[in-house]
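**Q** Here it is: the structure, laid out below.
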Amino acid sequence: MSGVLMVCTANVCRSPVAQVLLASRMPGVAVASAGLYASDGRGADALAVRLMGRRGLDLSTHAATPLAEPHVRDAELILTMTREQRDALLEAWPHAQGKVYRLGDAGGFDVVDPYRRDPFIFELAIAQIEQGLTDWQPAIGQLCR
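Following my numbering, the numbering of the sequence shown begins with 871 at its first residue and continues without gaps.
Here is the structure:
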């Protein structure tokens, strides 16, 4: 997969949300997601499915994917939800330096983890993801032509 890889912890909340939001904004860009500690095949969080459904985006068939070497090697850009995730990814795959960044780098924020939290926190995470995507969109457009 060349394109953009979204990474979070379990690949059931933040990274799949970022994946479908970016794919809807930039249909010509290949977008995938994975989790540093994902359980293979686990579905997206029910609240994520519901909130994305309200936006006309479908997460109902999402299956969590554990992050692996081929994902890291093949992605043109890897965006993590937190600085800690970025650092863990680079510790495991130091050769990815230069293409791994935090989604909130421009705004100086980590995307809050909404897992098993109330809808308000989930909406906050979605708003942060949307802001990060807005910040990254010009660079993604240049990189993934």
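Cβ atoms here follow ideal geometry from the backbone N, Cα and C, with glycine treated the same way.
Name the DSSP beta bridge partners of Arg972, please?
**A** Partner(s): Thr950.
**Q** Smallest Cα separation from Ser909: which of Gly926, Ala880, Leu917?
**A** When only C-alpha atoms are compared, the closest one is Ala880.
**Q** With DSSP run on the structure shown, which of helix, strand or coil describes Leu927?
**A** Of the three classes helix, strand and coil, the one that applies to Leu927 here is coil, per DSSP.
**Q** Who are the Cβ neighbours of Phe979 in its own chain at under 7 Å, not counting the five residues just before and after it?
**A** So the qualifying residues of the chain are Gln998.
**Q** Which whole-angstrom value describes the C-beta separation of Ala904 and His941, a residue pair presumed to lie in contact below a C-beta threshold of 8 Å?
**A** Contact flag correct, Cβ pair sits at about 5 Å.
**Q** Identify every run of the alpha helix (DSSP H) within the segment 879-948, keeping only runs that are complete inside it and at least 4 residues long; order them along the chain.
**A** Complete alpha helix (DSSP H) runs here, min 4: 884-895, 916-924, 939-944.
**Q** What's the C-alpha gap between Gln889 and His932?
**A** If I take the Cα positions, the gap works out to 10 Å.
**Q** Just to confirm my understanding: we take Leu1003, look at its own chain, exclude 5 residues before and 5 after, and list those with CB closer than 8 Å. What are they?
**A** Closer than 8 Å at Cβ, skipping near neighbours: Ala888, Leu891, Leu892, Arg895, Leu973.
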